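Participant: In the UniProt record's numbering, the protein residues as written are 1 to 184. Each residue gets a CB set at the ideal place from its N, CA and C atoms; glycine is no exception. All of these numbers come straight from a predicted model, not from anything done at the bench. Please see the structure below; I have some questions.
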Amino acid sequence: MLNRLIANWVYGGVLAGLLLLLLTPLLTASWSEALTATFLLLPVYMLHQYEEHDNDRFRLFFNATLGKGKDVLSPTAVFITNVPGVWGVIGLSLYLAAGGNVGWALIAVYLVLVNAFVHIVHAFVFRGYNPGLGTALVLFTPFGAYALRQVQIAGGGAPAFHAIGLVIAIAIHAAILLHVRRQL
């Protein structure tokens, strides 16, 4: 059963993302703009993951390009990266922002913005499309910028929170590369 979940998580994710978008007005009616913008990053990320991981596209692309044909990124690694590593981190960021300082939302914001940056740089380096680039440009860039602005307006933009958010987002992406490097 766990193997099926690992192999098919992205399809549940895209459906959950669509449902979360439909429920957003009900769930976030009493929330601040900053918390609502942060919450929206989760379903937006889930839609991005569908473009990226449908039919195992990202893993196969990643193994062909960065892995140079070697199977350096397994389905389990992809699952761990995206479910606890993205959904869990965004959820934790939202909980911390709602329960304490809204600056904690910057963890989710930078997770989205760093991922968009990585997709864009990858497209320039490899001179072409990579799985997830479309939604990184169309969804991540505007939603991430909007959430960043809303957190800033809400008073959560202290330099320490920007640093924490950016370091965590970079660390998550770096962990993937370290895993791949060990596989090579």
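What whole-angstrom Cβ distance do TYR129 and ALA136 have, given they're in contact under 8 Å?
Facilitator: To locate residue 129, count along the sequence shown from 1; it is residue 129. To locate residue 136, count along the sequence shown from 1; it is residue 136. Not quite, the Cβ-Cβ distance comes to about 11 Å (not below 8 Å), so this is no contact.
Participant: Can you name, in chain order, every residue of its own chain whose Cβ lies under 7 Å from the Cβ of LEU166, other than the five neighbours on each side?
Facilitator: Taking the sequence shown and counting its residues from 1, one reaches residue 166 at position 166. Within the same chain, LEU166 has close Cβ partners TYR110.
Participant: Return the chain-ordered list of same chain residues with a C-beta closer than 7 Å to the C-beta of THR141, the five sequence neighbours on each side being excluded.
Facilitator: Reading the sequence shown from its first residue, position 141 is the one you call residue 141. Result list for THR141: ALA116, in chain order.
Participant: Quick one: measure Cβ to Cβ for TRP104 and LEU113, integer angstroms, because I've assumed they're closer than 8 Å.
Facilitator: Locating residue 104 in the sequence shown gives position 104, where the first residue counts as 1. Locating residue 113 in the sequence shown gives position 113, where the first residue counts as 1. That belief does not hold up - the Cβ atoms of TRP104 and LEU113 are roughly 16 Å apart, past 8 Å.
Participant: What is the C-beta distance between ALA7 and VAL151, in whole angstroms, given that I count them as a contact (C-beta under 8 Å)?
Facilitator: What you label residue 7 is simply residue 7 of the sequence shown in a count that begins at 1. What you label residue 151 is simply residue 151 of the sequence shown in a count that begins at 1. No, ALA7 and VAL151 are not in contact; Cβ-Cβ is about 35 Å, not under 8 Å.
Participant: Are PHE139 and LEU47 touching if we call contact CB-CB under 8 Å?
Facilitator: Counted from its first residue, the sequence shown places residue 139 at position 139. Counted from its first residue, the sequence shown places residue 47 at position 47. What sits at residue 139 in the sequence shown is Leu, not Phe. Result yes, Cβ atoms of LEU139 and LEU47 sit closer than 8 Å.
Participant: Suppose you measure from the CA of GLY157 to the CA of ARG149; what does that come to, to the nearest Å?
Facilitator: Walking along the sequence shown from the start, residue 157 turns up at place 157. Walking along the sequence shown from the start, residue 149 turns up at place 149. If I take the Cα positions, the gap works out to 9 Å.
Participant: So, at 6 Å on beta carbons, what are the nonlocal neighbours of GLY13 in its own chain, with the 5 sequence-adjacent residues on each side left out?
Facilitator: Position 13 of the sequence shown, counted from the first residue, corresponds to residue 13. Cβ neighbours of GLY13 beyond the five flanking positions: MET46, GLN49.
Participant: Output the boundary residues of the alpha helix (DSSP H) element that contains VAL14.
Facilitator: On the sequence shown, residue 14 is found 14 positions in, with the first residue counted as 1. Looking at the DSSP string, the run of the alpha helix (DSSP H) that includes VAL14 is 2-27.
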